[in-house]
């Protein structure tokens, strides 16, 4: 699946994360992280984003995370919301049953 | 379907927009945590709230709490997708706002059954709380409470109710006295639990005490709260007396004795013990344990 526009979700409040996804010309998911805990949790945060992109079948995107101490499930939720907004589609809830 | 008993002294709403509030709410003493997709979530954030609530409940479900999700209105554009998310989050119950007719409960229950089946969740396991928030809801409360086996509680919503009646909302609550009693009687007849309306002024703890004393004395099982500071005050009113605890124990002993003797009907002090009485006895003992009373 190909992104044609940007999508943003989340806030800059404590325990949240603001996720921006943008279309990219080149293949691959490039992830930029702004977080006080990037040194400790950066790899896990990247993996969560990659898992979400893989679930949506997105192969090219730029993703920016501005983290304020979000749990992994919050990063997942905000990234899924940002992608849905960029795609202009609803979330496929049946996909959660697999 | 056999239902578990659960304490419902306090139900705290937590907005589906805010991760930090959801995390903090898990550490308060409320019995029921209501993840809200409705009034506290702006229209532009409904999509985000659904995903956030879904993942928070699936991955960080607070231990020892009865978990609910309040979905958007039955006739809103969001209800179908709310149900897709809410059922799959596997809460204890879904709280439906402004229920007015039993057919609405039937319709929602059918949608939930389909989603449970698709998601591999036991069909019938998702319970329902119906918010009674209008004169029509009060009028049809018993029919609503008995429209589906999923319904385990009715919760009175006083603000919308008074708006539907064109009455003024006061702290004394004379304008909702009839509605409180009507909903409570419907709940007792139907064998479901009754949850009273919020006391809105979070800075008036004396007013909250007076209001909760009435809630308890009328016979409600609990109350919705709007702020964490209200939780301990409300919980304290639902600590059962020694007499209530003794009676609950006698009810449960009589039920056990009846099972040992393979009796179909069990009586205590000349009155037959039915399932709702047994559940209330279990709830009384659970309330006592929650208050630190050994039973």
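Residue numbers (the numbering used here), protein chains in the order written: chain A, 234 to 331; chain B, 169 to 463. Ideal placement from N, C-alpha and C gives every residue a C-beta, glycine not left out.
Note the first and the last residue of the continuous beta strand (DSSP E) segment covering residue i.
i	result
residue 297/A	293–300
residue 180/B	178–183
residue 205/B	Note, residue 205/B: premise wrong, no beta strand (DSSP E); not H, not E.
In chain B, which residues lie less than 7 Å from residue i when you measure between Cβ atoms?
i	result
residue 247/A	188
residue 282/A	The premise fails here: residue 282/A is roughly 14 Å from chain B at the closest Cβ pair, so nothing lies under 7 Å.
residue 313/A	219
residue 309/A	223
residue 242/A	216
Just curious, the alpha helix (DSSP H) that residue i is in, first and last residue?
i	result
residue 390/B	No alpha helix (DSSP H) contains residue 390/B, which is instead part of the beta strand (DSSP E) from 390–393.
residue 248/B	247–256
residue 420/B	410–428
residue 234/B	Counting along the chain, residue 234/B falls outside any alpha helix (DSSP H), though it belongs to the beta strand (DSSP E) covering 234–238.
residue 220/B	214–227
residue 276/A	271–289
residue 281/B	270–287
residue 304/B	303–307
residue 175/B	Unbroken run through residue 175/B: none, as it is neither H nor E.
residue 187/B	187–193
residue 373/B	373–386
residue 319/A	305–320
residue 405/B	399–405
Which partner residues does residue i have in the DSSP bridge list?
i	result
residue 297/B	263/B, 321/B
residue 265/A	297/A
residue 240/A	254/A
residue 435/B	440/B
Quick one: list the residues of chain A neighbouring residue i, beta-carbon separation under 7 Å, in chain order.
i	result
residue 191/B	248
residue 287/B	330
residue 249/B	323
residue 252/B	326
List the residues of chain A whose Cβ lies closer than 8 Å to the Cβ of residue i, in chain order.
i	result
residue 228/B	304, 306
residue 231/B	By Cβ distance, chain A contributes nothing, its closest Cβ being about 16 Å from residue 231/B, past 8 Å.
residue 256/B	326, 329, 330
Who are the neighbours of residue i on chain A, taking C-beta pairs under 9 Å?
i	result
residue 334/B	By Cβ distance, chain A contributes nothing, its closest Cβ being about 38 Å from residue 334/B, past 9 Å.
Taking CB distances under 7 Å as the criterion, tell me whether residue i reaches chain E.
i	result
residue 455/B	Any reference to chain E falls outside this structure, whose protein chains are A and B.
At what residue ranges does the stretch 322–366 of chain B contain a whole run of the beta strand (DSSP E), taking only runs of 3 or more? Fully enclosed beta strand (DSSP E) runs of 3 or longer: 361–364.
Segment contact flag, the stretch 274–294 of chain A with the stretch 302–322 of chain A, C-beta cutoff 8 Å, min 3 pairs: Under the Cβ criterion (8 Å, minimum of three pairs), the stretch 274–294 of chain A counts as touching the stretch 302–322 of chain A.
Per the contact definition of three or more C-beta pairs closer than 8 Å, is the stretch 256–268 of chain B in contact with the stretch 287–305 of chain B? In this structure the stretch 287–305 of chain B lies against the stretch 256–268 of chain B, because at least three pairs of beta carbons, one per stretch, are closer than 8 Å.
Within the chosen definition, does the stretch 341–352 of chain B reach the stretch 299–319 of chain B through at least 3 CB pairs nearer than 8 Å? The stretch 341–352 of chain B is in contact with the stretch 299–319 of chain B.
Does the contact criterion of 3 or more C-beta pairs under 8 Å hold for the stretch 408–417 of chain B versus the stretch 189–198 of chain B? Result no; under three Cβ-Cβ pairs closer than 8 Å.
Count the C-beta pairs between the stretch 259–279 of chain A and the stretch 293–311 of chain A that are closer than 8 Å, then say yes if the count reaches three, no if not. Flag = yes, the stretch 259–279 of chain A and the stretch 293–311 of chain A touch.
Segment contact, 8 Å Cβ cut-off, at least three pairs: the stretch 232–248 of chain B with the stretch 328–336 of chain B: Because the criterion of three Cβ pairs below 8 Å is not met, the stretch 232–248 of chain B and the stretch 328–336 of chain B do not touch.
Are at least three pairs of beta-carbons, each pair with one atom in the stretch 391–406 of chain B and one in the stretch 366–374 of chain B, less than 8 Å apart? Between the stretch 391–406 of chain B and the stretch 366–374 of chain B, the count of Cβ pairs shorter than 8 Å is three or higher; the stretches touch.
The stretch 445–453 of chain B contacting the stretch 412–419 of chain B, beta-carbon criterion three pairs below 8 Å: In short, these stretches touch, since the Cβ pair count reaches three.
Stretch-stretch touch, CB-based, cutoff 8 Å, three pairs: the stretch 203–219 of chain B with the stretch 425–438 of chain B: No: the two stretches stay apart, fewer than three of their Cβ pairs being nearer than 8 Å.
Three or more C-beta pairs under 8 Å: does that hold for the stretch 178–195 of chain B against the stretch 242–257 of chain B? The stretch 178–195 of chain B is not in contact with the stretch 242–257 of chain B.
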